[in-house]
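In order, the protein sequences belong to chains A and B. Take 12 as the starting number for the first sequence in the numbering used here and just add one per residue. Take 19 as the starting number for the second sequence in the numbering used here and just add one per residue. Even glycine gets a Cβ: it sits at the ideal position worked out from N, Cα and C. Keep in mind that this is a model prediction, so the values were computed, not measured. Right, one structure below, let's go through it.
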Amino acid sequence: MSEPRTDAKICGMGHSMKRKEDPRFIRGQGRYIDDFVLPGMLYMDIVRSPHAHARIKKIDTTRALKIPGVLAVIDGPTLAKYNLHWMPTISADTQMVLPIDEVMYQAQEVCAVIATERYIAADGVDAVEVEYEPLPVMVDPHKSLAPGAPVLRKDKEGKKDNLAFHWQAGDKADAERALAASDVVISENVYLPRIHVASMETCGCIADFDTAQGKLTVYMTTQAPHAVRTVLALVAGHVGLSEERIRVVSPDIGGGFGGKVPVYPGYVVATFARDYHMKVELGAKKDGTMTSLKIKTVADHGYSNASANPSKFPAGLFSICTGSYDLKHAFCEVDAAYTHKPPGGVAYRCSFRVTEAVHAIERATDALAQKLNMDPAELRMKNFIKPEQFPYKSVLGWEYDSGNYGVALKKAMDIIGYDSLRSEQAEKRKKGELMGIGISSFTEIVGAGPSRDFDILGIKMFDSAEIRVHPTGKAIARFGTKSQGQGHETTYAQIVAEELGIPAAHIQVEEGDTDTAPYGLGTYASRSTPTSGAAAALASRKIRDKAKKIAAHLLEVSEQDLEWEPGKFFVKGAPQMAKTIQECAFAAYTNHPQGMEAGLEAVHYYDPPNLTFPFGSYICVVDIDRGTGDVKVRRFVAVDDCGNIINPMIVEGQIHGGLTQGIGPALYEEISYDDEGNISGGSFMDYYVPTALETPHWETDKTTTPSPHHPFGAKGVGESATVGAPPAIANAVVDALRHLGVTHLDIPITPEKVWTILKNKGVAE
Amino acid sequence: MAKHRISVTINGAAREAEVESRLLLVHLIREVFRMTGTHVGCDTSHCGACTVILDGNPVKSCTVLAVQADGAKITTVEGLEQGGKLHPVQEGFTEKHGLQCGFCTPGMLMTTSALLERNKNPSEQQIREAIAGNLCRCTGYVNIVKAVQYAAEKMR
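Shown next as structure tokens:
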């Protein structure tokens with residue numbers, strides 16, 4: 012779809028409609044969690060552990076409770092009286108709400124101070140005295156999984172090791188045979204560090220219990236309000252919370268990026284995200300034809316597996332790791348380890364571990380090109396799944412819906428001027444200057460997901476839309492998802508406008524209130540457009556079908572005689588005989604046919620037949636300062652394909668933001684731990700997120716390969732760039748240093764890391 | 019804790035308050051005056067979501083004590099629109115899709131409106147330098163730069 016089908020008044024798909032959210036945000040009238048004040052509201056602040064592993068000998072609250080305004084200090088034993096001291100994670104593991112006797116990671120919640128004012132609650136936290144006895148700390152997941160390691164999760168009866176889970180996909184023996192038969196095999200250890208989503212708004216919640224009605228309302232920064240309601244009912248059912256009397260309201264959210272999916276103890280984030288230690292082996296024939304891929308991963312999950320993954324996929328969709336290439340043999344496995352770190356493995360705009368998978372295959376592809384002394388673009392072109400192979404069944408079990416990878420890479424190469432950059436690089440190298448070109452041709456997998464395979468805690472991963480058209484032809488549309496900046500109020504309205512011809516300006520979109528919105532699993536993993544977006548189209552089509560019957564009734568013709576154009580039905584061959592959707596809506600309440608239900612509304616729960624597979628090719632150019640090791644991204648071209656586009660302006664914005672969250676972990680961001688489990692990177696003091704100065708001027712373009720199974724041919728796009736960008740940058744830096752014998756660098760590629768290499772190779776200035 | 023009587027002019031209106039010595043300006047604005055457009059994103063003075071204009075200069079209001087603002091003239095995001103007319107930066111952010119979740123936006127608007135008071139025709143690099151103390155996790159900054167350029171042109 013290139014040109015919009017609707018005019019600017021209707022503003023359906025393909026229009027860069029200005030966002031309906033913006034008028035309140037630019038006036039400072041957004042309503043975020045911290046903007047709520049309820050009558051009699053109290054404040055909670057948290058005492059956190061300074062130790063990564065320690066026995067709690069004593070919690071003395073005497074001083075804290077003497078402070079005027081401090082009302083209570085809640086600790087583990089208090090919660091234990093109500094059996095509320097443990098809670099499930101979304102991955103069906105367990106985690107402490109507050110500890111009874113041991114803390115398991117630094118910054119773990121130890122107790123909560125309740126006070127009349129924010130500052131007093133903080134005073135209370137300072138006044139609580141906790142006596143700890145430090146215990147031995149396990150921070151290395153490899154040591155944690157080694158035989159004879161002390162068992163961390165002593166709370167789990169009969170647990171004899173620190174394996175959180177083992178997961179695998181593919182035929183190991185087959186992949187190994189094919190690797191052994193390959194002409195060349197590269198093997199690299201690729202590490203993806205812990206990072207943090209660092210959304211500008213932190214997590215928070217307010218609980219309001221109406222004793223008269225027995226109803227609990229929870230205002231919470233959550234990307235999945237309906238799932239939270241169900242979790243609350245399951246966790247606290249035994250103390251009288253019943254799901255019909257729980258309302259979760261997710262107000263305006265200041266960025267989510269995956270961090271606002273899980274439910275945290277006290278609903279306060281400590282620190283999280285992946286750390287994947289991957290051993291990647293990729294085999295090929297002499298001519299560059301890839302033969303076999305094998306990846307073994309040790310995943311550090313901290314003290315609890317709190318990942319927000321679909322139940323059957325504990326390592327997410329990592330088995331997309333064959334990427335854009337026609338690999339006939341592959342095997343991957345993940346061993347997840349418990350350590351004394353905060354619950355890890357929580358998503359970071361990664362489409363369920365696709366960032367890790369893409370990083371592995373795209374880094375390995377460049378390492379293979381280097382070993383074969385082949386151009387990395389040529390190697391990719393040679394191994395891409397061909398357009399005629401779609402729908403493509405991957406050896407690890409996915410059915411890729413559509414793709415045209417060569418066209419996207421070619422477009423990116425043309426835009427950036429690939430050949431002349433290679434010439435420039437050769438010239439610069441002669442002069443001793445360090446310049447690198449990096450490519451990433453990623454395939455994403457988003458839109459979870461089909462109910463046969465996808466659920467979270469048993470709840471199937473459909474999503475929903477409910478649309479009501481009012482008598483005057485305006486509509487309200489509600490969804491089971493929850494925007495955190497993606498612009499759903501605009502894009503969903505455009506989908507309904509496209510399908511019904513009602514101007515998008517007249518469609519009010521609401522999400523996030525479980526009392527009014529239909530049930531859905533929420534917004535993460537780029538699933539909103541593939542699921543709720545599809546539901547919006549199909550609910551609209553149900554409404555259109557009914558409106559057609561009404562139009563036939565009004566025009567006194569049969570339905571078969573009517574044709575549709577956006578906004579009206581008209582009689583074939585007599586276009587002056589027409590009824591607008593607004594006229595049909597009015598008649599639905601004032602003059603509906605006998606025997607037909609009044610009203611004009613529909614609800615649809617969309618169970619996708621498959622996932623969608625957006626893709627793209629990114630190319631970047633970096634220059635390295637030989638004096639400081641600093642990597643400067645000179646240019647970055649991103650060609651994305653997310654199928655048919657609802658709002659080009661918003662899609663471009665998603666890509667810009669994703670690229671910036673890709674450059675962050677590639678060059679700057681990391682949460683690391685010392686041997687005692689002390690966190691570095693716990694605040695913006697030592698966790699560096701890109702500012703406007705490091706961020707390059709992103710250059711974006713697109714190709715359009717519609718999804719064949721999605722109602723309007725769209726795919727998700729929110730995470731393509733975070734998934735695709737890091738390996739492009741890493742590949743560019745390695746490319747700049749490859750003549751020095753460098754084959755791999757772990758991200759983040761900090762100036763210190765680069766400078767150390769330059770110094771060791773004798774080329775630092 | 020000692021209390022202090024302070025008076026400020028905020029968005030043109032004279033306001034008074036009795037505050038503790040330790041009260042931060044951002045909490046004076048948000049919790050005493052109940053103007054919630056100014057946001058708190060971090061507690062380390064890095065994110066800039068709390069930026070307001072204090073006597074003509076953009077400051078991070080989480081790093082100023084309310085008592086330090088005694089007698090000052092403060093402009094917050096709520097004061098940008100005048101007589102029902104949006105400030106050009108507000109228009110620019112909408113026109114150029116310079117915001118997504120909207121959380122950093124008030125701080126960005128205050129920093130960039132202050133920039134355009136001093137420099138009617140900033141270069142891209144000058145815009146990027148001006149907003150280097152304001153973090154945005156959604157937009158990737160490119161459209162914020164375009165929004166400021168749009169506003170600059172409107173104001174010339």
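When the Cα atoms are used, what is the spatial distance from G664/A to A488/A? By one-based count along the first sequence, residue 664/A stands at place 653. By one-based count along the first sequence, residue 488/A stands at place 477. Those two C-alpha atoms are separated by around 24 Å.
Continuous alpha helix (DSSP H) stretch holding Q665/A: start and end: Against the first sequence, residue 665/A aligns to sequence position 654. That run of the alpha helix (DSSP H) goes P659 to L678.
Along the chain, which unbroken stretches of the alpha helix (DSSP H) at least 4 residues long are found entirely within the region 105 to 159 of chain B? 106 to 113, 123 to 136 and 142 to 148
In chain A, which residues lie less than 7 Å from P124/B when you measure between Cβ atoms? For the purposes of this step, residue 124/B is taken as the residue at position 106 of the second sequence. Simply G39.
Nearest-angstrom Cα separation, counted from P99/A out to R205/A: Along the first sequence, one-based indexing puts residue 205/A at 194. Along the first sequence, one-based indexing puts residue 99/A at 88. About 22 Å.
Touch test, the region 193 to 204 of chain A against the region 245 to 257 of chain A, Cβ-Cβ under 8 Å, three pairs minimum: no
Using a Cβ-Cβ distance cut-off of 8 Å, determine whether Q672/A contacts chain B. The residue labelled residue 672/A in the question sits at position 661 within the first sequence. Closer than 8 Å to some Cβ of chain B, the Cβ of Q672/A qualifies, so yes.
Just the C-alpha distance for C22/A and I661/A, rounded to the nearest angstrom, thanks. Locating residue 22/A in the first sequence gives position 11, counting from the first residue. Locating residue 661/A in the first sequence gives position 650, counting from the first residue. C22/A and I661/A: Cα-Cα distance of roughly 14 Å.
Can you list, in chain order, the residues of its chain with a C-beta nearer than 6 Å to that of I372/A? Leave out the 5 residues immediately preceding and following it. Along the first sequence, read from residue 1 onward, the residue named residue 372/A stands at position 361. Around I372/A: C332 and G334.
Taking the alpha-carbon of R129/A as reference, which of N94/A, S102/A, I57/A and K154/A has the nearest alpha-carbon? The residue labelled residue 129/A in the question sits at position 118 within the first sequence. Selected option, being the one with the closest Cα: I57/A.
Can you find a CB in chain A that lies within less than 8 Å of the CB of Q108/B? Sequence index remark: in the second sequence, residue 108/B carries index 90 (1-based). Interface residue, yes.
Anything in chain A within Cβ reach of C80/B, meaning under 8 Å, just list it in chain order. If you number the second sequence from 1, residue 80/B lands on position 62. Under the 8 Å cutoff, chain A gives no residues; its nearest Cβ is about 12 Å from C80/B.
Just the chain B side, please: which residues come within less than 9 Å of I264/A by C-beta, in chain order? Your numbering for residue 264/A matches position 253 in the first sequence. C119 and F121, listed in chain order.
Please name the residues in the region 478 to 500 of chain A whose beta-carbon is closer than 9 Å to at least one beta-carbon of chain B, in chain order. S494, Q495, G496, Q497 and G498
Just list the residues that DSSP pairs W97/A with in beta bridges. Along the first sequence, read from residue 1 onward, the residue named residue 97/A stands at position 86. Looking at the DSSP assignment, W97/A forms a beta bridge with M107/A.
Taking only the alpha-carbon atoms, compute the straight-line gap between F580/A and A589/A and give it to the nearest angstrom. Working through the first sequence from its first residue, we reach residue 580/A at position 569. Working through the first sequence from its first residue, we reach residue 589/A at position 578. C-alpha separation (whole angstroms): 5 Å.
Starting from the C-beta of L328/A, find all residues in its chain whose C-beta is less than 7 Å away, skip the five residues before and the five after it, and write them out in chain order. Indexing the first sequence from 1 puts residue 328/A at position 317. Cβ within range, chain order: S362, F363, R364, V365 and I456.
Let me know if D263/A comes out buried or exposed under the rule of 16 or more other beta-carbons within 10 Å of its beta-carbon. Numbered from 1 along the first sequence, position 252 holds the residue referred to as residue 263/A. Answer is buried; the Cβ neighbour count reaches 16.
Over what stretch of residues does the beta strand (DSSP E) that includes A528/A continue unbroken? The count along the first sequence starts at 1 and reaches residue 528/A at position 517. Taken as a continuous stretch (DSSP letters only), A528/A belongs to no beta strand (DSSP E), as it is neither H nor E.
Cβ of L704/A less than 8 Å from any chain B Cβ? Here the question's residue 704/A lines up with position 693 in the first sequence. Cβ-Cβ to chain B under 8 Å: yes for L704/A.
If you measure between the beta carbons of T534/A and S494/A, is that distance less than 8 Å? Here residue 534/A refers to the residue found at position 523 of the first sequence. Here residue 494/A refers to the residue found at position 483 of the first sequence. Yes, Cβ-Cβ distance for T534/A and S494/A is below 8 Å.
For E212/A, the residue or residues it bridges with in DSSP: Taking the first sequence and counting its residues from 1, the one referred to as residue 212/A is at position 201. BP columns for E212/A are empty, so no partner.
Closest to S63/B by C-alpha separation, out of R52/B, M53/B, F51/B and C80/B, would be which residue? Looking up residue 63/B in the second sequence gives position 45. Nearest of R52/B, M53/B, F51/B and C80/B to S63/B, Cα basis: C80/B.
Between V279/A and chain B, is any beta-carbon pair separated by less than 8 Å? Locating residue 279/A in the first sequence gives position 268, counting from the first residue. At V279/A the pLDDT is 38, less than 50, meaning the model places this residue with poor confidence and gives no usable figure here.
For the region 592 to 599 of chain A against the region 542 to 562 of chain A, are there 3 or more C-beta pairs whose distance is under 8 Å? yes
Please decide whether C132/B counts as near chain A, where near means a Cβ-Cβ distance under 8 Å. What you label residue 132/B is simply residue 114 of the second sequence in a count that begins at 1. The sequence given here has Ala at residue 132/B, not Cys. Not closer than 8 Å to any Cβ of chain A, the Cβ of A132/B fails to qualify, so no.
Among the candidates H721/A, L704/A and L573/A, whose CA atom is the shortest distance from the CA of G458/A? Against the first sequence, residue 458/A aligns to sequence position 447. Checking every option, the nearest Cα to that of G458/A belongs to H721/A.
Quick one: what's got a C-beta closer than 8 Å to V280/A's C-beta in the same chain, skipping five residues either side? Within the first sequence, numbered from 1, the residue matching residue 280/A stands at position 269. Bear in mind that a pLDDT of 38 at V280/A, under 50, signals an unreliable position, so the number given afterwards is only what the model happens to contain. Same-chain partners within the cutoff: T213, C214 and G270.
Short Cβ contact (8 Å threshold) for E120/A with R66/A: Residue numbering aside, residue 120/A sits at position 109 when the first sequence is read from its first letter. Residue numbering aside, residue 66/A sits at position 55 when the first sequence is read from its first letter. It is not a contact, given that the beta carbons lie outside the stated cut-off.
Nearest to K77/A by alpha carbon, out of I37/A, T233/A and A138/A? Walking along the first sequence from the start, residue 77/A turns up at place 66. Measuring from the Cα of K77/A, the nearest candidate turns out to be A138/A.
In chain B, which residues lie less than 7 Å from H667/A when you measure between Cβ atoms? As a working mapping, residue 667/A is identified with position 656 in the first sequence. Within 7 Å Cβ-Cβ: T157, G158, V160 and N161.
Would the region 118 to 127 of chain B count as touching the region 34 to 42 of chain A if we require 3 or more Cβ pairs under 8 Å? yes
For I561/A and L573/A, the rounded distance between their alpha carbons: Translated into positions along the first sequence, residue 573/A becomes position 562. Translated into positions along the first sequence, residue 561/A becomes position 550. Whole-angstrom Cα-Cα distance: 11 Å.
DSSP beta-bridge partners of V58/A: Residue 58/A sits at position 47 when you count from the first residue of the first sequence. In DSSP, V58/A forms a bridge with C122/A.
I'd like to know if R146/B contacts chain A, where contact means its C-beta is closer than 8 Å to some C-beta of that chain. The sequence position of residue 146/B within the second sequence is 128, counting from 1. It does; some Cβ of chain A falls within 8 Å.
Would you call the region 153 to 163 of chain A and the region 74 to 89 of chain A in contact, with 3 or more CB pairs under 8 Å? no
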